[in-house]
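*Asks:* Got a structure for you, written out below as structure tokens; questions coming shortly.
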Amino acid sequence: MMYYVKLGAILLIICAIAAGLLAYINGLTEPIIKERKAKEEIQTREALIPGATFIADKTASGLDFFIAQDPQTNEVIGYTFIAAKNGYSGEIQTMVGLDKEFKILNIKVINQSETPGLGANCTLEGFAKLFVGLSDTELLVDKDGGKIPAMAGATITTRAITNSIKEQVIALKNHLANAPQALAKSSEEVN
Amino acid sequence: MGYIGEIFVMAMTAIFIQNFVLARFLGLCPYLGVSKKLDSAFGMGMAVIFVMTLASAFAYLIQNYLLKPLGLDYLQTISFILTIAALVQFVEMVIQKNAPALYKSLGVYLPLITTNCAVLGVAILNTKAYRATDPTLAYNFLDSVLNGFFSGVGFTVVLLAMAGIRERLEFAEIPKSMKGMPIGLILAGIMALAFYGFMGFKI
Amino acid sequence: MIILPAMISILEASPSMINTLGAPIMVIGGLGLLFGVILAIASKVFEVKVDPRVEQISEALPGANCGACGMPGCAGYADAIVHGGEAVNKCAPGGAALAAKIAEIMGTVAGSTEQKIAVIHCTSGGTNNTKWKYAYQGIETCKAAVNIADGPNACSWGCVGYNDCERSCVFGAISIDEHGMRCIDPDKCTACGACVKACPRKLIDLVPINKTVYIKCSSKDKGPIAKQACGSTHPCIACGICAKNCPVNAITIEQNLAVIDYTKCINCGLCATKCPTKAILDLLAGCRKKAEIIAENCIGCALCAKNCPVKAISGELKQLHTIDSNLCIGCEVCVSKCRKQAIKMV
Amino acid sequence: MRFISEITKGLVKDNPIFVLVLGMCPTLAVSTSVDNALGMGIAATFVLMCSNIIVSMVKGITPAKIRIPVYIVIIASFVTIVDMVMAAYEPALHKSLGLFIPLIVVNCIILGRAEAFASKNNVLNSLADAIGMGAGFTLSLVIVATFRETLGAGTWLKMSIMPQSYDPMLVAILAPGAFITLGFLMALINMLKEKK
Numbered sequence: 116m117m118y119y120v121k122l123g124a125i126l127l128i129i130c131a132i133a134a135g136l137l138a139y140i141n142g143l144t145e146p147i148i149k150e151r152k153a154k155e156e157i158q159t160r161e162a163l164i165p166g167a168t169f170i171a172d173k174t175a176s177g178l179d180f181f182i183a184q185d186p187q188t189n190e191v192i193g194y195t196f197i198a199a200k201n202g203y204s205g206e207i208q209t210m211v212g213l214d215k216e217f218k219i220l221n222i223k224v225i226n227q228s229e230t231p232g233l234g235a236n237c238t239l240e241g242f243a244k245l246f247v248g249l250s251d252t253e254l255l256v257d258k259d260g261g262k263i264p265a266m267a268g269a270t271i272t273t274r275a276i277t278n279s280i281k282e283q284v285i286a287l288k289n290h291l292a293n294a295p296q297a298l299a300k301s302s303e304e305v306n
Numbered sequence: 015m016g017y018i019g020e021i022f023v024m025a026m027t028a029i030f031i032q033n034f035v036l037a038r039f040l041g042l043c044p045y046l047g048v049s050k051k052l053d054s055a056f057g058m059g060m061a062v063i064f065v066m067t068l069a070s071a072f073a074y075l076i077q078n079y080l081l082k083p084l085g086l087d088y089l090q091t092i093s094f095i096l097t098i099a100a101l102v103q104f105v106e107m108v109i110q111k112n113a114p115a116l117y118k119s120l121g122v123y124l125p126l127i128t129t130n131c132a133v134l135g136v137a138i139l140n141t142k143a144y145r146a147t148d149p150t151l152a153y154n155f156l157d158s159v160l161n162g163f164f165s166g167v168g169f170t171v172v173l174l175a176m177a178g179i180r181e182r183l184e185f186a187e188i189p190k191s192m193k194g195m196p197i198g199l200i201l202a203g204i205m206a207l208a209f210y211g212f213m214g215f216k217i
Numbered sequence: 002m003i004i005l006p007a008m009i010s011i012l013e014a015s016p017s018m019i020n021t022l023g024a025p026i027m028v029i030g031g032l033g034l035l036f037g038v039i040l041a042i043a044s045k046v047f048e049v050k051v052d053p054r055v056e057q058i059s060e061a062l063p064g065a066n067c068g069a070c071g072m073p074g075c076a077g078y079a080d081a082i083v084h085g086g087e088a089v090n091k092c093a094p095g096g097a098a099l100a101a102k103i104a105e106i107m108g109t110v111a112g113s114t115e116q117k118i119a120v121i122h123c124t125s126g127g128t129n130n131t132k133w134k135y136a137y138q139g140i141e142t143c144k145a146a147v148n149i150a151d152g153p154n155a156c157s158w159g160c161v162g163y164n165d166c167e168r169s170c171v172f173g174a175i176s177i178d179e180h181g182m183r184c185i186d187p188d189k190c191t192a193c194g195a196c197v198k199a200c201p202r203k204l205i206d207l208v209p210i211n212k213t214v215y216i217k218c219s220s221k222d223k224g225p226i227a228k229q230a231c232g233s234t235h236p237c238i239a240c241g242i243c244a245k246n247c248p249v250n251a252i253t254i255e256q257n258l259a260v261i262d263y264t265k266c267i268n269c270g271l272c273a274t275k276c277p278t279k280a281i282l283d284l285l286a287g288c289r290k291k292a293e294i295i296a297e298n299c300i301g302c303a304l305c306a307k308n309c310p311v312k313a314i315s316g317e318l319k320q321l322h323t324i325d326s327n328l329c330i331g332c333e334v335c336v337s338k339c340r341k342q343a344i345k346m347v
Numbered sequence: 049m050r051f052i053s054e055i056t057k058g059l060v061k062d063n064p065i066f067v068l069v070l071g072m073c074p075t076l077a078v079s080t081s082v083d084n085a086l087g088m089g090i091a092a093t094f095v096l097m098c099s100n101i102i103v104s105m106v107k108g109i110t111p112a113k114i115r116i117p118v119y120i121v122i123i124a125s126f127v128t129i130v131d132m133v134m135a136a137y138e139p140a141l142h143k144s145l146g147l148f149i150p151l152i153v154v155n156c157i158i159l160g161r162a163e164a165f166a167s168k169n170n171v172l173n174s175l176a177d178a179i180g181m182g183a184g185f186t187l188s189l190v191i192v193a194t195f196r197e198t199l200g201a202g203t204w205l206k207m208s209i210m211p212q213s214y215d216p217m218l219v220a221i222l223a224p225g226a227f228i229t230l231g232f233l234m235a236l237i238n239m240l241k242e243k244k
């Protein structure tokens, strides 16, 4: 009987210590990581549409996006949101900046775990430039009849990013098309 | 397409299209290490199928009934690895008792199933995978177990193919310095290229 | 020691910290306990009854799995000793020292083992001392070469020279000299018998290490054919002179080939001096010492005179005996027979 | 003296990739470019050193029947701690290494060395072995990465060294290329060993 208890106890102690340590360090580091991630998000948003103030908003389908306004004239100059989809080996989150006519100003992949050297090349600006100036209709990989040339050896990653952006742009367009008055209302109270 | 169709799609994907060894390139250490002889390869294959199936099952239970409700997602890796390690230790005892010869020929590669990327890979991918037929539905318990099983079968199919070829390679005329592992690696490279053929399939 | 600081810091930390720590510790700790108990039960259910002596012995064995003991590898031999009651001295590479060690583990008396080494009974097979029937271009192994038209060399009993023996030797005791001949290093050779099995023409056998006279030919052809086929001009032509001259009749001629019976051979090297074709190799040729009787110890029992193969010792009973040095061939038989250690080699 | 011989042993004689054939998954995944290889090598060496030390400290009390779960819990917790700490306090380093940290958990070398070496030797030798193995791993990773990057992308450490007319051989970047590069490198090493 002692043999079972001894084995169970040793494994319990070691796992408990490990879990305790992990939780303790997680407790310390989690807030820092969250706060740093938020700061990073704001920075990337500024980078996408420079010189704009952002107002948070939410589409009917639950996608939260930001309306970029010119600080002086309060006039809408664009939108930004985060599109996410499963790529080759995990979820890829891309932040997208659109102008008023829903043409892509710029994109930035903020979170991905694709294979280094192949899929992971989507974080380079060379890849982001491919998307600039495209409207949602052209947003397809060249193999599927669109304008985006698939990255060498990483078609799945390219297709995942492109489709994720396309879906969100269409969702945003529909939301803003049938809820123009919501746009006006939200801009006062948040400022 | 009904559930049978879903299983068929999952099987084909796991064995051919997204084969864990030759498409995702996970689980290569035992793949190269054990594929010298057919019988030890078969033994390893069975052990990996057993561990992968049970690991997927345990991983699903832990993820959905322990980690998610308590919001402890950062413990995912350690809890999955702990279950896999316990499973491998269990398999090691079973093999040592019932098949000592196989236990000898597997050697260090049996404990290495624990760090076998394929086993942990399938456990983690199951938590993020969506059904092929309608992507909105996430994997339920049965899907995860089946996917684990088929991934194990995929691993074994490729391992046996490799072991079969490498056994014949022993008698081929190979320059002295190429014998053994180097020729095995080049063979694995060519098989990987062949498996790229499956990559583009859409079922 | 890690727990203490962690505990202290938890107590200071805010209560919210405690429940954020509590949950993971319980979850992972619980999993650990669960698996610990399951594995403990499993280890009891799948208990493999291993006799501790088997592990001790297999650790003592050299682990070369050479199979000289006739068992499938060292683990098999260890198992056979403990369960099958196998003799403890069958491990040739380990030799007497290992046999004693195993005996001590097993608590039995170890039989003595005669240390042996491998000897190649052929003087040709090198690059410049082999007559070739045809130029062989095929798989570079003796086993393959001998299958094609009875081997590329003229003598169908001789060495083909593709070094299967050297490749099979686990202990690296066989090396190839500049003429392509194989030489065996007696210190490294553990008489495991791998080369004996590897040689397709069976040219190698195991000879006790203290015997230094070897017949360096295995040709079973008649004299003239052997002489004509042999590339090294040292064939055994079965003339029988060595058999006649051997003081202890240790040599017999079988199928046109002289064979030494090493249980009788007294290492005197006479046969090597008499052999017309120099087919017999004597490692101690020319450096053998002569026997000499020590006056004060000799009691005249004449035992040495009776056993001397060449009758080089003379003297009356109970009188001091003398050895005729030019008759004496230095075989040291008298030295081993004399109970009073009255004879020494000079 | 044993300390140094342990280190040099890991570098050439028992090189984890070319001789022991361990740690294949990260090798193929990461050796597409030299800076990835370096990143992975350093991260893996650090985790290997810590885990070898702890494993050899704990080896006394771990019963044989649960040695794998115990070692793997130690390794996994180390990896997660390193990941969290780096994510919080070293965002820049984490951005480049972040991807490799989860890969380290499934790196066969670490459990391989813990199981084969650290559980049988004292702390000092285990540390030496870890340093040797880590260095050997990083060295061979960089060698493989050099071949793959120059052939596959025409660059070395992101500096383009191939003439403009060279269009990169994509297969070298893909995993089959890694297999074949590794195979030829191993053959080369066997040949060198033969010559000595």
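Chains as they are written, first to last, in the numbering used here: chain G, 116 to 306; chain U, 15 to 217; chain F, 2 to 347; chain Y, 49 to 244.
Backbone N, C-alpha and C define an ideal beta-carbon position, used for all residues, glycine too.
These numbers come from a predicted model, not from an experiment.
Looking at the strands, I want to know which residues DSSP matches up with Ile-177 of chain F.
*Replies:* Ile-177 of chain F is bridged to F:Arg-183.
*Asks:* Closest Cβ-Cβ distance between Val-103 of chain Y and chain U: below 8 angstroms?
*Replies:* Not an interface residue.
*Asks:* With a threshold of 8 angstroms between beta-carbons, can Met-2 of chain F be considered close to chain U, or not?
*Replies:* In this prediction, Met-2 of chain F has a pLDDT of 46, which is less than 50 and means its spatial position is unreliable; what the coordinates show is noted afterwards. Cβ-Cβ to chain U under 8 angstroms: no for Met-2 of chain F.
*Asks:* Under 7 angstroms from any heavy atom of the ligand MG, does the C-beta of Cys-200 of chain F make it?
*Replies:* With respect to the ligand MG, the structure shown offers nothing to examine, as it has no ligands at all.
*Asks:* Less than 8 angstroms between the CB atoms is what I'm expecting for Ala-251 of chain F and Ile-294 of chain F, so what's the real figure, rounded?
*Replies:* So it is not a contact: roughly 26 angstroms between Cβ atoms.
*Asks:* Of all Cβ atoms in chain Y, is any one closer than 8 angstroms to the Cβ of Phe-64 of chain U?
*Replies:* No - not a single Cβ of chain Y is within 8 angstroms of the one on Phe-64 of chain U.
*Asks:* Fully enclosed by the segment 113-177 of chain F, which alpha helix (DSSP H) runs are 4 residues long or longer?
*Replies:* List check, alpha helix (DSSP H) in window: 143-148 and 165-169.
*Asks:* Just to make sure I have the definition right: I need the residues of chain Y whose C-beta is within less than 7 angstroms of the C-beta of Thr-144 of chain G. Which are they?
*Replies:* Near Thr-144 of chain G (Cβ distances below 7 angstroms), the residues of chain Y are Met-132, Val-133, Ala-135 and Ala-136.
*Asks:* Closest by CA to Gly-225 of chain Y, which one among Y:Lys-113, Y:Ala-183, Y:Arg-161 and Y:Gly-200?
*Replies:* Answer by Cα proximity: Y:Gly-200.
*Asks:* Do you know whose CA, among U:Tyr-123, U:Pro-125 and U:Ser-165, lies nearest Ile-138 of chain U's CA?
*Replies:* Looking at the Cα atoms, U:Ser-165 is the closest of the given residues.
*Asks:* State yes or no: is the C-beta of His-434 of chain F within less than 8 angstroms of the C-beta of Tyr-215 of chain F?
*Replies:* With chain F represented from 2 up to 347, any question about residue 434 of chain F goes unanswered, as that position is not in the structure.
*Asks:* Is the beta carbon of Ala-73 of chain U closer than 8 angstroms to that of Leu-56 of chain U?
*Replies:* Strictly speaking, residue 56 of chain U in this sequence is Phe, with Leu absent from that position. In this structure, Ala-73 of chain U does not lie closer than 8 angstroms to Phe-56 of chain U by Cβ.
*Asks:* Just grab the DSSP bridge partners of Lys-345 of chain F for me.
*Replies:* F:Glu-293, per the DSSP bridge assignment.
*Asks:* Taking 8 angstroms as the cut-off, does the segment 182-196 of chain F touch the segment 150-158 of chain F (at least 3 CB pairs, one atom from each stretch)?
*Replies:* No: the two stretches stay apart, fewer than three of their Cβ pairs being nearer than 8 angstroms.
*Asks:* Taking 8 angstroms as the CB-CB cut-off, is Lys-111 of chain U touching chain F?
*Replies:* Yes - at least one Cβ of chain F is within 8 angstroms of the one on Lys-111 of chain U.
*Asks:* For the segment 94-120 of chain U, list every residue whose C-beta sits within 7 angstroms of some C-beta in chain Y, in sequence order.
*Replies:* Answer set for the segment 94-120 of chain U: Ile-95, Leu-96, Ala-99, Ala-100, Val-102 and Gln-103.
*Asks:* For Gly-193 of chain G and Gly-142 of chain G, what's the separation of their Cα atoms in angstroms?
*Replies:* Between Gly-193 of chain G and Gly-142 of chain G, the C-alpha separation is close to 38 angstroms.
*Asks:* Would Lys-183 of chain G and Pro-25 of chain F be called neighbours here (beta carbons separated by less than 8 angstroms)?
*Replies:* In the sequence on display, residue 183 of chain G carries Ala and not Lys. No. Outside cutoff.
*Asks:* In angstroms with no decimal places, state the Cα-to-Cα distance between Ser-99 of chain Y and Val-35 of chain U.
*Replies:* When rounded, the distance between both Cα atoms is 27 angstroms.
*Asks:* With 16 other CB atoms within 10 Å as the buried threshold, where does Asp-325 of chain F fall?
*Replies:* Answer is exposed; the Cβ neighbour count stays below 16.
*Asks:* Rounded to whole angstroms, what is the Cα-Cα separation between Ala-286 of chain G and Pro-117 of chain Y?
*Replies:* Whole-angstrom Cα-Cα distance: 48 angstroms.
*Asks:* Which runs of the alpha helix (DSSP H) spanning at least 4 residues fall entirely within the segment 87-159 of chain Y, listed in chain order?
*Replies:* The qualifying runs are 115-137, 139-145 and 148-153.
*Asks:* The beta strand (DSSP E) that contains Pro-216 of chain Y, what's its start and end?
*Replies:* Premise fails: Pro-216 of chain Y is in no beta strand (DSSP E) and is neither H nor E.
*Asks:* Quick one: measure Cβ to Cβ for Ile-29 of chain F and Ile-92 of chain U, integer angstroms, because I've assumed they're closer than 8 angstroms.
*Replies:* Rounded, the Cβ-Cβ distance is 7 angstroms, consistent with contact.
*Asks:* One question on the structure: do Thr-186 of chain Y and Leu-86 of chain Y come within less than 8 angstroms of each other, judged by their Cβ atoms?
*Replies:* Contact flag set, yes.
*Asks:* What residue range is occupied by the uninterrupted beta strand (DSSP E) comprising Thr-195 of chain G?
*Replies:* From DSSP, the beta strand (DSSP E) with Thr-195 of chain G extends over 191-201.
*Asks:* Apply the 10 Å Cβ neighbour rule to Met-58 of chain U and answer buried if 16 or more other Cβ atoms are within range, or exposed otherwise.
*Replies:* Result: buried.
*Asks:* Please list, in chain order, the chain Y residues whose beta carbon lies closer than 8 angstroms to that of Ser-44 of chain F.
*Replies:* Going along chain Y in sequence order, the residues near Ser-44 of chain F (Cβ under 8 angstroms) are Lys-113.
*Asks:* Could you round the C-beta distance between Cys-143 of chain F and Pro-201 of chain F to whole angstroms and report it? I think they count as a contact, below 8 angstroms.
*Replies:* Right, their Cβ atoms sit about 5 angstroms apart.
*Asks:* Using a beta-carbon distance below 8 angstroms, is Pro-25 of chain F in contact with chain U?
*Replies:* For Pro-25 of chain F, the answer is yes, since a Cβ of chain U falls inside 8 angstroms of its Cβ.
*Asks:* May I ask you to report which of helix, strand or coil DSSP gives Lys-223 of chain G?
*Replies:* Three-state result, Lys-223 of chain G: strand.
*Asks:* Short of 7 angstroms Cβ to Cβ, which residues in the segment 66-95 of chain U face chain G?
*Replies:* Per Cβ criterion, the list reads Tyr-88, Leu-89 and Ile-92.
*Asks:* Could you tell me the alpha carbon to alpha carbon distance between Gly-287 of chain F and Gly-86 of chain F, rounded to whole angstroms?
*Replies:* The straight-line gap from Cα to Cα measures roughly 47 angstroms.
*Asks:* Taking only three categories from DSSP, how would you classify Asp-251 of chain G?
*Replies:* Looking at Asp-251 of chain G - three-state DSSP - the assignment turns out to be helix.
*Asks:* Just the C-alpha distance for Lys-237 of chain G and Leu-218 of chain Y, rounded to the nearest angstrom, thanks.
*Replies:* The identity of residue 237 of chain G in the sequence shown is Cys, whereas the question assumes Lys. When rounded, the distance between both Cα atoms is 17 angstroms.
*Asks:* Determine the DSSP secondary structure at Asp-206 of chain F, reduced to helix, strand or coil.
*Replies:* Looking at Asp-206 of chain F - three-state DSSP - the assignment turns out to be strand.
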